[in-house]
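In full-length UniProt numbering, the protein residues as written are 1 to 313.
Here it is in structure tokens:
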């Protein structure tokens, strides 16, 4: 959906601003959805239903679905009865008019009252009063944009100067990443957290929004010392091995992958530690003696130090 609408500070002093948040959410949604030009819809009897500017043909259930939101990883939608109650309130406030067609159940056509005056006259009056204010804001915004461009250039140069020394292949897609690209893995923990979340969204393949819990899980992974590259690889392994019990079952939260990522990290550390101990056990001193089987790493190190001292090392 493209385009924009004009919004006004005067809503802060209106009745709807003092109502529960869902009231304003529905009102704002209707302002976004109404037609900005006249359209017509063919009806079964051969006639046409004219949808004028400032009108929206919809249903209570469609409104409930389209104003839903995420709470954590769970999608929430208001009850259609709640939506109906709010629409009735908007009618009593002379903000909208609802036409339901024949038998009061053919369709739901919502008209935003005084839409034309809201879009034009109110704006024109406000523009005369605040031209100076808007000019100041524009100049300020231009300076901020210029500053942000300069900061971006500095940041890009910093990225180009150094990387984390890890593979420049995207672990999720396998695509090659240019060595001097701004997309290189950053030293900044916050950037690594965001890249991990981006990788999760890409693997999840539905929904672009991550929850507060997803952020905390990503932060936990990075702060534990797990490299971004390993975390992305192991997360992909978890997705690849996932076998849903039915078609609608899918991975919705990063927390589902966290346990597996931690297990793989600990497994990797244990292998590295085991390799270090094996190297110590297999060490043979200059006197031809062996560290011996079954000795601990501490014993082997002590014998190694004693051997060095004996030979003046």
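Think of the CB as a built atom: it goes at the ideal place given N, C-alpha and C, for glycine as much as any other residue.
Quick one: Cα of residue 252 to Cα of residue 73, how far?
7 Å
Residue range of the unbroken alpha helix (DSSP H) whose run includes residue 24
21–33
Using the Cβ count rule (16 or more neighbours within 10 Å means buried), how would you classify residue 43?
exposed
In whole angstroms, give me the CA-to-CA distance for residue 103 and residue 9.
39 Å
Determine, using beta-carbon pairs with one atom in the stretch 34–52 and one in the stretch 60–67, whether at least three such pairs fall under 8 Å.
no
By DSSP, does residue 76 sit in helix, in strand, or in coil?
strand
Report buried or exposed for residue 185, applying the criterion of at least 16 other Cβ atoms within 10 angstroms of its Cβ.
Caution is warranted here: a pLDDT of 42 is assigned to residue 185, below 50, making its placement in the model unreliable, and the coordinate value is therefore given only provisionally. Buried, because 16 or more other Cβ atoms sit within 10 Å of the Cβ of residue 185.
Proximity of residue 109 and residue 57 at Cβ, strictly below 7 Å
yes
From which residue to which residue does the alpha helix (DSSP H) around residue 234 run?
228–241
Boundaries of the beta strand (DSSP E) in which residue 55 is found, first to last residue:
55–58
Along the chain, where does the beta strand (DSSP E) that runs through residue 215 open and close?
Where residue 215 is concerned, there is no enclosing beta strand (DSSP E), although the alpha helix (DSSP H) it sits in stretches over 212–223.
Find out if the Cβ-Cβ distance for the pair residue 238, residue 257 is shorter than 7 Å.
yes
Please report the Cβ distance between residue 112 and residue 94, rounded to the nearest whole angstrom; I am assuming they are in contact, meaning their Cβ atoms lie under 8 Å.
Actually they are not in contact, since the Cβ atoms of residue 112 and residue 94 sit about 11 Å apart, beyond 8 Å.
Helix, strand or coil for residue 12, going by three-state DSSP, please let me know.
helix
Quick check on DSSP: helix, strand or coil for residue 7?
coil
By the three-class DSSP mapping on this structure, what secondary structure does residue 71 have?
strand
With DSSP as the reference, label residue 99 as helix, strand or coil.
strand
Does the pairing of the stretch 240–254 with the stretch 204–221 give three or more beta-carbon distances under 8 Å?
yes
For residue 337, write down the residues that DSSP places opposite it in a beta bridge.
Because the chain spans 1 through 313 in this model, residue 337 falls outside it and cannot be assessed.
Hey, how far is the Cα of residue 201 from the Cα of residue 210?
7 Å
Residue 75, buried or exposed, once every other Cβ within 10 Å from all chains shown has been counted against 16:
exposed
Check whether the Cβ atoms of residue 222 and residue 265 lie closer than 7 Å to each other.
no
Given residue 61 as reference, the closest of 41, 20, 87 once Cα atoms are compared
87
Own chain, CB closer than 7 Å to residue 71, minus 5 neighbours either side, in chain order:
none
Please classify residue 18 as buried or exposed, where buried requires at least 16 neighbouring CB atoms within 10 angstroms.
exposed
Can you list, in chain order, the residues of its chain with a C-beta nearer than 7 Å to that of residue 5? Leave out the 5 residues immediately preceding and following it.
31, 32
Whether residue 228 touches residue 268 by CB criterion (7 Å):
no
Taking the alpha carbon of residue 23 as the point to measure from, which residue in 82, 100, 69, 107 has its own alpha carbon closest?
82
Buried or exposed, going by whether 16 or more other CB atoms sit within 10 Å of the CB of residue 69?
exposed
Nearest to residue 224 (by Cα), restricted to the options 26, 193, 207
193
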